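In what follows, a single structure is set out as structure tokens and then discussed.
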Amino acid sequence: MGRSSRLYYERAGEFNHFANIRNMGFLCKDLGIKKTKGDKMKYKKGIIIVSVLVNIILFTYVYLNVKHIKDAYSHLSFGLQGDLVQLESTIDYQIKNNWQEANMVLEKIEDIREDINYLMVTGKDSGLMSKSQENDLWNLYRYFSKYPTYTGYPNTNLNNNQKEELTKLKDDLRAVGWGMNLGYHGDWDSFSMRIDALIK
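Heads up: the sequence shown begins at 678 in our numbering, then just goes up one per residue.
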């Protein structure tokens, strides 16, 4: 083989060598880009999954927290029901003692009105009171508005008609489950049912 031919093959070999290196470089570069895009997609998917999970956790927490607060508000009726039981007991005591301290009955009725007002204000300010709960409280308030108002003075005298109305109130309270030695529940559903039974 002549020198010129040998030179030709050597240069051709070098060219092919460089061409192969260049092609490998482009191939590696291409592979690198594809890998980077894949990593970015996986990263984005991971972020989305984490965001969804965080939102689910936050939503669940808020839902349970609001539900807990609403349940707590519903159980505030327990105090009002306690005063209704005490009213039944107070009327019964006055009947047995010839209404010697009738003002105690009127004072207890005033306590009930204040309890109702407190529940309504608290429920509205907090946004926890439902429309049905508001209706229950209004119905109960209107029911007790027909009875004499507490003046704060002792030795209040009641006429026979007022005594009869209060005696009937005692019987009605006991009939729906608000009386001494009678159990009652603190949940609003039970409270609402007793209100409906009382005012009808």
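All C-beta atoms in this analysis are idealised placements derived from N, C-alpha and C, irrespective of residue type, glycine included.
Note that the coordinates shown come from a computational prediction; the quantities given were computed from them, not determined experimentally.
DSSP places T844 in the helix class (H, G or I) of the three-state scheme. Cα atoms of N838 and D848: separation of roughly 16 Å, rounded to the nearest angstrom.
The distance from the Cβ of I872 to that of D792 is about 13 Å, inconsistent with a contact at the 8 Å cut-off. Taking 8 Å as the cut-off, the Cβ atoms of W865 and L761 do not count as close.
One alpha carbon belongs to E811, the other to L753, and they sit about 14 Å apart. Our two residues, L730 and K722, have alpha carbons roughly 12 Å apart in a direct line. For N780 and T828, the gap between their C-alpha atoms comes out near 8 Å. Listed in chain order, the non-local C-beta contacts of S869 below 6 Å within the same chain comprise D813, local neighbours out to five positions each way being set aside. Each of E841, S867, Y830 and K801 was checked against the Cα of Q771, and the nearest Cα belongs to E841. About 5 Å separates the beta carbon of L843 from that of I768, a gap short enough to meet the 8 Å contact definition.
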